[in-house]
Amino acid sequence: WHNEPLKEGPSAGHVVTIDELEYLKDIYYKAKGWTNEGLIPRAKLIELGMEDVAEVIGV
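Numbering (the working numbering) for the sequence shown: 3 to 61.
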């Protein structure tokens, strides 16, 4: 899939590289307040009022 060009939109014809995908993933995780591995840290769960979830999953 990552060797196929985008079919529609303003980026039609562009092939998204693995490096680009990783970069975008990193930006997304950071914007969400997640770790680099995509996990939600305890502080973020508490901020969201989900301390009980933090306890259950052990973070």
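We put the beta carbon where it would ideally sit given N, CA and C, even for glycine.
Cβ shell of residue i (< 8 Å), same chain only, five flanking positions each side left out
i, result
"T37", "Y31, P43"
"L41", "V61"
"H16", "P7, L8"
"A56", "R44, L47, I48"
Per-residue DSSP class, three states only, for residue i
i, result
"V61", "coil"
"L47", "helix"
"E6", "coil"
"E39", "coil"
"A14", "coil"
Range of the contiguous alpha helix (DSSP H) that encloses residue i
i, result
"I20", "20-34"
Cut-off 6 Å between Cβ atoms - residues of its own chain near residue i, not counting five sequence neighbours on either side
i, result
"V18", "none"
Pick from the options that is closest to residue i, judged by C-alpha positions
i, options, result
"K46", "L8, G35, Y25, N5", "G35"
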